[in-house]
Amino acid sequence: MAIYIFDTETTGLKEPEVIEAAWLRVDPSPSQAKTADIVVQRYRPAKPVEFAAMAVHHILDEDLSECQPSSSFFLPDDVACIIGHNIDFDWGVAGKPDIRRIDTDAISRILWPEMTSYKLTALLYALTPADKRPAFRDRMRNAHNAGVDVWANWKLLLHIFNKRKDLQNWDKLWAFSEECRVPRVMPFGRHKGVPFSDIPDKDLRFILGYDDLDDYLRLAIETALGKSGPK
1 MAIYIFDTET TGLKEPEVIE AAWLRVDPSP SQAKTADIVV QRYRPAKPVE FAAMAVHHIL
61 DEDLSECQPS SSFFLPDDVA CIIGHNIDFD WGVAGKPDIR RIDTDAISRI LWPEMTSYKL
121 TALLYALTPA DKRPAFRDRM RNAHNAGVDV WANWKLLLHI FNKRKDLQNW DKLWAFSEEC
181 RVPRVMPFGR HKGVPFSDIP DKDLRFILGY DDLDDYLRLA IETALGKSGP K
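In full-length UniProt numbering, the protein residues as written are 1 to 231.
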């Protein structure tokens with residue numbers, strides 16, 4: 001199966017359309033991947049780029065006027081798994097294909113709980129030795145270009161494999177990512193930050209009734225209800 005680090009830049013958060021996509025194949029091993037092989041493509045959306053998004057990636061509407069339409073975007077035919085930081089956003093922009101996703105944001109929150117920020121660039125500044133940070137800074141000055149973000153995610157993946165050598169297997173890494181994505185505490189509301197085991201069952205069941213509940217949050221609540229005695 002082909003495994004790609006994948007990142008996009010979009011028109012914004014409201015019904016986003018892809019305007020830039022980048023990917024790098026990293027199997028059989030990210031240490032063997034050649035960053036010169038990062039593919040970057042731009043696309044012309046059917047609507048203007050939101051200014052909030054423009055302020056992040058600095059891609060103007062006129063930059064895209066000669067590009068293929070966003071509707072023509074597709075992932076490589078051989079893709080079986082995509083890796084990214086908050087990968088569900090990019091997966092959604094790509095049309096939610098039936099493939100595995102590995103989320104380096106979720107993994108990082110478990111492997112480095114002491115971090116004060118889990119933004120991709122902040123993580124890499126923290127994990128990069130001080131004497132190598134100037135060179136890293138120069139590379140990241142164009143961050144939020146999808147190609148640079150793919151490169152940064154490749155660097156983070158190397159850090160993950162270095163810290164957890166037992167995860168240097170794609171099936172194990174995917175399984176660990178799935179485990180990491182299940183929240184340990186309630187992420188919102190009056191019980192925000194409270195372990196699920198300490199939340200009354202009636203409140204957990206009420207939240208389960210939300211139509212748009214995240215699949216991983218649903219799993220955490222169902223697991224807590226299955227394990228709990230009366231509360």
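C-beta atoms are modelled at their ideal positions from N, C-alpha and C, and glycine is treated no differently.
Selected residue, minimal CA-CA separation from residue i, among the options
i	options	result
residue 42	29, 8, 36, 52	8
residue 75	64, 187, 91, 31	91
residue 110	177, 224, 27	177
residue 78	3, 133, 103	3
residue 48	56, 19, 31, 40	19
residue 115	16, 226, 121, 126	126
residue 160	15, 10, 29	29
residue 67	131, 140, 44	44
residue 36	148, 138, 108	148
residue 141	122, 130, 129, 166	122
residue 16	1, 88, 31	88
residue 56	113, 145, 38	145
residue 200	213, 222, 214, 212	222
For residue i, the first and last residue of its enclosing alpha helix (DSSP H)
i	result
residue 136	133 to 140
residue 205	201 to 208
residue 107	104 to 111
residue 181	170 to 181
residue 125	120 to 127
residue 93	87 to 93
residue 148	146 to 163
residue 55	51 to 57
Closer than 6 Å: residue i CB and nearest the ligand ADP heavy atom
i	result
residue 222	With respect to the ligand ADP, the structure shown offers nothing to examine, as it has no ligands at all.
Whole-Å CB distance - residue i paired with residue j, under 8 Å assumed
i	j	result
residue 95	residue 50	Contact flag wrong, Cβ pair sits at about 20 Å.
residue 170	residue 27	7 Å
residue 104	residue 24	That belief does not hold up - the Cβ atoms of residue 104 and residue 24 are roughly 13 Å apart, past 8 Å.
residue 155	residue 124	6 Å
residue 83	residue 6	7 Å
residue 80	residue 101	At roughly 11 Å, the Cβ-Cβ gap does not stay under 8 Å, so residue 80 and residue 101 are not in contact.
residue 216	residue 183	7 Å
residue 218	residue 208	7 Å
DSSP bridge partner residues for residue i (one or two, in chain order)
i	result
residue 9	20
residue 69	44
residue 84	103
residue 97	The partner list for residue 97 (beta bridge, DSSP) is empty, contrary to what the question assumes.
residue 4	25, 82
residue 185	195
Min CB distance residue i to chain D below 7 Å
i	result
residue 223	This model lacks chain D altogether; it includes just one protein chain.
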